[in-house]
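Engineer: Numbering (the numbering used here), first residue to last: 4 to 158. Backbone N, C-alpha and C fix where the C-beta goes; we use that ideal spot for every residue, glycine too. Sharing a structure here in structure tokens format.
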Ligand code: HEC
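What follows is the structure, given as structure tokens:
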């Protein structure tokens, strides 16, 4: 194989290797939303029937349930837009941390997530504002170095 062919092949491989899969979330960004509108949408769509948002006082939901899945609060890493959007429009994709899968999944109709499906009723603008609202209530935990015992080298 000539040198030129090998270099071309290597280049092609690199380009293909870096190309995201069609299902990848890469390239996904949302326009800027509005926190206040997002909070109003959260109540309007009765998200608070099952969710509490850290640091936000909301009136009791009309169709309140016994679920209280907490959103927001101190986390090690703020969820990305992509992750939050996925949680909202494709809820069974990932089950919230700290919940026993069986408790939050499979409702009476045997659906996979007990989270309601909003895909037929929510506008894109509502989704954008909801994500902005939720993201504004996550707080990064300050970095805590691991408390290793001092390592003294005996000499
Ligand atoms: C009927 C109850 C219910 C309603 C109503 C509901 N959710 Fe959920 N939601 C859940 C449950 C249960 C989970 C836990 C994971 C799962 O089952 O998918 C969840 C998970 C989430 C998560 C992911 C949390 C995490 O830490 O990963 C987000 C974000 C979320 N919901 C947003 C919303 C928004 C926004 C609305 C309103 C448009 C809403 N939910 C309405 C029950 C509900």
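(1) What did DSSP end up calling residue 113 once you bin it into helix, strand or coil?
(2) Measure the CB-CB distance between residue 95 and residue 118 and report whether it falls below 9 Å.
(3) With DSSP run on the structure shown, which of helix, strand or coil describes residue 138?
(4) Once you ignore the five residues that flank residue 145 on each side, which residues in its own chain have a CB closer than 6 Å to its CB?
(5) Taking the straight line between their C-alpha atoms, what separation do you get for residue 75 and residue 22?
(6) With respect to the beta strand (DSSP E) encompassing residue 77, which residues constitute its N-terminal and C-terminal limits?
(7) Secondary structure at residue 73, three-state DSSP: helix, strand or coil?
(8) Run through the stretch 32–63 for me and flag every whole beta strand (DSSP E) of 3 or more residues, listed as ranges in chain order.
(9) Whole angstroms are fine: how far does the CA of residue 12 sit from the CA of residue 84?
(10) With DSSP as the reference, identify every bridge partner of residue 143, one or two as the case may be.
(11) Measure the alpha-carbon distance for residue 88 versus residue 147 and round it to whole angstroms.
(12) Can you give the Cα-Cα distance for residue 132 and residue 78, rounded to whole angstroms?
(13) Which first and last residues belong to the alpha helix (DSSP H) in which residue 84 is found?
(14) In whole angstroms, give me the CA-to-CA distance for residue 134 and residue 47.
Structural biologist: Once the coordinates are examined:
(1) Because residue 113 carries a pLDDT of 48, less than 50, the predicted location of this residue cannot be relied on, and the following value inherits that uncertainty. Three-state DSSP puts residue 113 in coil, outside helix and strand.
(2) Cβ atoms of residue 95 and residue 118: closer than 9 Å.
(3) In the three-state reduction of the DSSP assignment, residue 138 falls in the helix class.
(4) Excluding five sequence positions before and after residue 145, none of the CB atoms of its chain fall closer than 6 Å to its own CB.
(5) Straight-line Cα distance between these residues: approximately 33 Å.
(6) Following the DSSP letters along the chain, one finds residue 77 inside the beta strand (DSSP E) bounded by residues 76–78.
(7) Strand, per DSSP.
(8) List check, beta strand (DSSP E) in window: 54–56.
(9) Each residue's alpha carbon lies about 36 Å from the other.
(10) Answer is 78, bridged to residue 143.
(11) For residue 88 and residue 147, the distance between alpha carbons rounds to 29 Å.
(12) The alpha-carbon atoms of residue 132 and residue 78 are separated by roughly 21 Å.
(13) Per DSSP, residue 84 belongs to the alpha helix (DSSP H) from 84–92.
(14) Distance between the alpha carbons of residue 134 and residue 47: 15 Å.
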